[in-house]
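*Asks:*
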Amino acid sequence: MAVIVQKYGGSSVADTEKVMGVARRVVATARQGNQVVVVVSAQGNTTDELIKQAKAISKNPPKREMDMLLATGEQVSIALLAMAIDALGQPVISLTGPQGGIMTDTQHTKARIRMVDGDRIKRELEQGQVVIVAGFQGRTQNGDITTLGRGGSDTTAVAVAAALDADLCEIYTDVDGVYSADPRLVPEARKLAEVDYGEMLELASLGAMILQPRAVEVAAIYGVTLHVRSSFYMDEGTKVKEVDSVEREITVTGVAADENCAKITLAGIPSDVNTLYHIFSALAQAGVNVDMIVQAAASKSTTHLSFTVTREDLAETLSTIERLQADEEWEVLADDNVAKVSIVGAGMMTNPGVAARMFEALNEADVPVFVVSTSEIKVSCLVPRAFCAEAVRACHRKFELDTAK
Ligand code: ADP
Ligand code: ASP
Ligand code: MG
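Per our numbering: the sequence shown = residues 7 to 411.
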């Protein structure tokens, strides 16, 4: 008997009709003689709505209570889906993350799964039940409810698949696979038959919403092959797995965009490493993750320093800088109307001139570039947010990602 883990995202269970559709697909899989575990997200925009409700009460709600609130979204979905499956005559049980043995650390709102105690899930499967597990949530050793960060149901599914040594881990969503760019931004984007873990991790981390980066990381560690596919159609989707890249001819696999960025510039600060150390260690202590960094000399002894953080971290960043300044008067400029556009591809490592072509594309499309960062398999450019979609399309065209390779 094969063990199959299926994950359905929020748009796949957004209303009653969709919940019934998912139920039919789950029951069909079970009736083919498989043991099925279903991981499900909160319906539609539920999580966004819950966040709005919290923010209406407090600007800075306690993170533990945020988790208490956000976890309710998934609890609604598991119960409704279990009722729908039961109505089709299939034995089924729903479990919250804690009941499903999802054990996490204590970092509320962005907890990491420490381990999955799969005993309860296995017991229920052995009794012939479909097991539905709430995505995105778990519990600490003390019994507190945690959530895993936005998009965290993907990670629940992968962790459960790894713990059960499942034969298949299917991620059902509102697109029929991983594309060369977000099909909402680039209609001519092409569906990829397979993507390597490393490339997928970059794409996900650089803003491709389709999978939570942590899910890809866990999949790579445990060797779980993911099948990303549509919950509305039966087409083959995209396999995310280890892809042999020794003889890669494709330099660029995909383009990603991240609009959740803000740029801070400190103009005229002393150009010594000690100053840099003080700034970045203070930010690290405040829990702010700094992404891109550039420095340009302003005079013999001063420099302009620019770096990016997420938009949520902008306020914390500015108050940290303010505390540091004390009596010095740096000019501090903040801009949260920026976006990061990135090209990703394992083939870049062995092909020179990729960054040049990206700049050519952006130049032809008149897109200003503020900051650039590179790694072995990606080049990222910070651009004005208003130019983001055009920048993605320009890169997609330049690297001819719409044509099959
Ligand atoms: P779910 O609710 O199922 O978890 P998400 O909204 O989190 O779904 O992720 C699916 C969305 O990811 C798609 O609707 C699509 O717009 C977006 N997306 C971004 N980049 C890509 C990409 N490269 N390929 C496919 N979809 C992408
Ligand atoms: N409901 C959560 C979110 O909206 C988790 C998920 O969808 O994966 O982020
Ligand atoms: Mg998602």
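Even for Gly, the Cβ is constructed at its ideal location relative to N, Cα and C. This structure is a prediction, so every number in the text was calculated from the model and none was measured.
From which residue to which residue does the alpha helix (DSSP H) around residue 228 run?
*Replies:* Here the alpha helix (DSSP H) through residue 228 covers 219-228.
*Asks:* Between residue 276 and residue 379, what straight-line distance do the alpha-carbon atoms span, to the nearest angstrom?
*Replies:* Residue 276 and residue 379: Cα-Cα distance of roughly 23 Å.
*Asks:* With a threshold of 9 Å between beta carbons, is residue 330 in contact with chain C?
*Replies:* No chain C is part of this structure, which consists of one protein chain only.
*Asks:* Looking at residue 52 and the ligand ASP, is the gap between the Cβ and the nearest heavy atom below 8 Å?
*Replies:* Yes, since a heavy atom of the ligand ASP falls inside the 8 Å radius drawn around the Cβ of residue 52.
*Asks:* By Cβ distance, which residues of its chain are closer than 6 Å to residue 339, with the 5 residues on each side in sequence left out?
*Replies:* The residues are 271.
*Asks:* Alpha carbon to alpha carbon, what distance is there between residue 42 and residue 33?
*Replies:* Looking at the two C-alpha atoms, the distance is approximately 9 Å.
*Asks:* Note down the Cα distance separating residue 388 from residue 11, rounded to an integer number of angstroms.
*Replies:* Looking at the two C-alpha atoms, the distance is approximately 38 Å.
*Asks:* Only counting the same chain, and skipping five residues up and downstream in sequence, which positions put a Cβ closer than 8 Å to that of residue 135?
*Replies:* If we look at residue 135 and ignore the five residues flanking it on each side, its Cβ neighbours are 97, 98, 99.
*Asks:* According to DSSP, simplified to helix, strand and coil, what is residue 178?
*Replies:* If DSSP states are grouped into helix, strand and coil, residue 178 belongs with the strands.
*Asks:* Looking only at its chain, what residues have a beta carbon closer than 7 Å to the beta carbon of residue 398, apart from the 5 residues adjacent to it on each side?
*Replies:* Result list for residue 398: 187, 191, 192, 261, 263, 347, in chain order.
*Asks:* For residue 237, which three-state DSSP category applies?
*Replies:* Residue 237 falls in the coil class under three-state DSSP.
*Asks:* Compute the minimum distance between the beta carbon of residue 179 and the heavy atoms of the ligand MG, and state whether it is under 8 Å.
*Replies:* Yes; taking the cut-off as 8 Å, the Cβ of residue 179 has a heavy atom of the ligand MG nearer than that.
*Asks:* Name the residue from 214, 209, 229 whose alpha carbon lies nearest to the alpha carbon of residue 174.
*Replies:* Of 214, 209, 229, the residue nearest in Cα terms is 229.
*Asks:* Quick check: does the Cβ of residue 160 come within less than 8 Å of any heavy atom belonging to the ligand MG?
*Replies:* It does: the Cβ of residue 160 is within 8 Å (strictly closer) of some heavy atom of the ligand MG.
*Asks:* Where residue 330 and residue 211 are concerned, what is the direct C-alpha to C-alpha distance, given to the nearest angstrom?
*Replies:* Those two C-alpha atoms are separated by around 30 Å.
*Asks:* Helix, strand or coil for residue 145, going by three-state DSSP, please let me know.
*Replies:* Correct three-state label for residue 145: strand.
*Asks:* Just tell me which of 183, 279, 372 has its CA closest to the CA of residue 215.
*Replies:* For the residues 183, 279, 372, the minimum Cα distance to residue 215 belongs to 183.
*Asks:* Rank 66, 47, 310 by C-alpha distance to the C-alpha of residue 282 and give the top, closest one.
*Replies:* Taking only the C-alpha atoms, the option nearest residue 282 is 310.
*Asks:* Given that a residue counts as buried once 16 or more other Cβ atoms are within 10 Å of its Cβ, and exposed if not, what is residue 240?
*Replies:* Its Cβ having fewer than 16 others within 10 Å, residue 240 is exposed.
*Asks:* Taking Cβ to Cβ, would you say residue 117 is nearer than 9 Å to residue 154?
*Replies:* Going by C-beta atoms, residue 117 is nearer than 9 Å to residue 154.
*Asks:* Would the beta-carbon of residue 48 be found less than 8 Å away from any heavy atom of the ligand ASP?
*Replies:* Yes, the ligand ASP has a heavy atom inside 8 Å of this Cβ.
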